[in-house]
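Student: One structure follows; several queries about it will come next.
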Amino acid sequence: MTFHSAPAPATPHLGPVLFTAEQIRVRVDALADEIARDYGPGELAAVAVLKGSFIFLADLARRLSVRGIHLTIDFMSLSSYGAGTAPAGPVQVQPTPPLRATRGPVLLVDDILDTGLTLQTARELLSRNGITNLRTCVLLDKPARRRVPANADYVGFQVENVFVVGYGLDYNDAYRHLPYLAALVAGASRPDRGTA
Ligand code: 5GP
Ligand code: MG
Numbered sequence: 001m002t003f004h005s006a007p008a009p010a011t012p013h014l015g016p017v018l019f020t021a022e023q024i025r026v027r028v029d030a031l032a033d034e035i036a037r038d039y040g041p042g043e044l045a046a047v048a049v050l051k052g053s054f055i056f057l058a059d060l061a062r063r064l065s066v067r068g069i070h071l072t073i074d075f076m077s078l079s080s081y082g083a084g085t086a087p088a089g090p091v092q093v094q095p096t097p098p099l100r101a102t103r104g105p106v107l108l109v110d111d112i113l114d115t116g117l118t119l120q121t122a123r124e125l126l127s128r129n130g131i132t133n134l135r136t137c138v139l140l141d142k143p144a145r146r147r148v149p150a151n152a153d154y155v156g157f158q159v160e161n162v163f164v165v166g167y168g169l170d171y172n173d174a175y176r177h178l179p180y181l182a183a184l185v186a187g188a189s190r191p192d193r194g195t196a
């Protein structure tokens, strides 16, 4: 099986599992421990980037809740990919429900930190909304492809330069439902939506 570096090949199909559902569960628990240690119990405002972060956010919110941190949740819709596996251009800001006003700390949650452009755009948007006390939490970090300086305060897993799907992350809106994280590889004539 050959790994292809991102952008993914033209006729991708589901490749090797990178992280199983159990590995993700253990890691999200550890992230919740870290965040709970840093913030202490109480309310914490989360802003999550749609759509890829929705499963990660849902799990993280529940793990934080049992540690005494209750997230309020806002969403931002940012997208640089369109229908493909390579960033299509500048990050597009879709209409987003207004962010609740907060003077307290904010945790920005995204699925994957890749070129860094999405995080940079999100930071600028939040700062224009008066939010400066900001930390960032990403499930995945792909440092090999950074185009602007960016890092996250909380990182689930580092990944090589492969295109990742599952656990909320998509390819053309497929694969988000998978409970694990897998790479896309070349070789099939049609996408395999695998359910293993
Ligand atoms: P960045 O703006 O840092 O390049 O990319 C962040 C966004 O690009 C992520 O929120 C995600 O939507 C998308 N992205 C980057 N790498 C991958 C990947 O390997 N798989 C998937 N499904 N999306 C990715
Ligand atoms: Mg995204």
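So that you can map any letter, position 125 of the sequence shown is 125 in our numbering, and since no number is skipped, the others follow by simple counting. Note that the Cβ used here is the ideal one computed from N, Cα and C, for glycine as well. What you are looking at is a predicted structure, and each value in this text was computed from that prediction instead of being measured.
(1) State the Cα-Cα distance for the pair residue 14 and residue 85, rounded to the nearest angstrom.
(2) Residue 121: buried (16+ other C-beta within 10 angstroms of its C-beta) or exposed?
(3) Would you grab the beta carbon distance between residue 41 and residue 73 for me? Rounded to a whole angstrom, and I think it's under 8 Å.
(4) Quick check on residue 1: buried or exposed, where buried means 16 or more other Cβ atoms within 10 Å of its Cβ?
(5) Tell me the rounded alpha-carbon separation between residue 111 and residue 52.
(6) Where does residue 150 sit, in a helix, a strand or coil, going by DSSP?
(7) Residues in the same chain with beta-carbon distance under 6 Å from residue 181, minus the five sequence neighbours each way, listed in chain order, please.
(8) Just checking residue 115 against the ligand 5GP - is the residue's beta carbon closer than 7 Å to any of the ligand's heavy atoms?
(9) Residues in the same chain with beta-carbon distance under 7 Å from residue 158, minus the five sequence neighbours each way, listed in chain order, please.
(10) Taking DSSP as the reference, what is the three-state secondary structure of residue 100?
(11) Closest to residue 203 by C-alpha separation, out of 28, 91 and 50, would be which residue?
(12) Hey, how far is the Cα of residue 33 from the Cα of residue 174?
(13) Between which two residues does the beta strand (DSSP E) harbouring residue 174 extend?
(14) What three-state label does DSSP hand residue 41 in the structure shown?
(15) Would you identify the three-state DSSP class for residue 192, choosing helix, strand or coil?
(16) Here's the rule: buried if 16 or more other CB atoms are within 10 angstroms of the residue's CB, otherwise exposed. What is residue 193?
(17) CB of residue 39 to nearest heavy atom of the ligand 5GP: below 7 Å?
(18) Could you spell out where the beta strand (DSSP E) holding residue 55 opens and where it closes?
(19) Determine, using beta carbons only, whether residue 75 and residue 50 come nearer to each other than 8 Å.
(20) Could you check whether residue 137 and residue 24 sit closer than 8 Å to each other, using their CB atoms as the reference points?
Tutor: Put simply:
(1) 14 Å
(2) buried
(3) Incorrect: roughly 18 Å between the Cβ atoms, too far for contact.
(4) Annotation note: pLDDT 34 at residue 1 (below 50); position unreliable, no value reported.
(5) 5 Å
(6) coil
(7) 18, 19, 164, 166 and 167
(8) yes
(9) 141 and 143
(10) coil
(11) Since the displayed the chain opens at 1 and closes at 196, residue 203 lies outside it and no answer follows.
(12) 31 Å
(13) Note, residue 174: premise wrong, no beta strand (DSSP E); not H, not E.
(14) coil
(15) Caution applies to residue 192, whose pLDDT of 43 falls short of 50 and renders its modelled position unreliable; the value that the coordinates give is listed next. In this structure, residue 192 counts as coil in the three-state DSSP scheme.
(16) The predicted position of residue 193 is uncertain, since its pLDDT is 44 and thus under 50; a value taken from the coordinates is nonetheless stated next. Burial call: exposed.
(17) no
(18) Unbroken run through residue 55 is the alpha helix (DSSP H), 54-65; no beta strand (DSSP E).
(19) yes
(20) no
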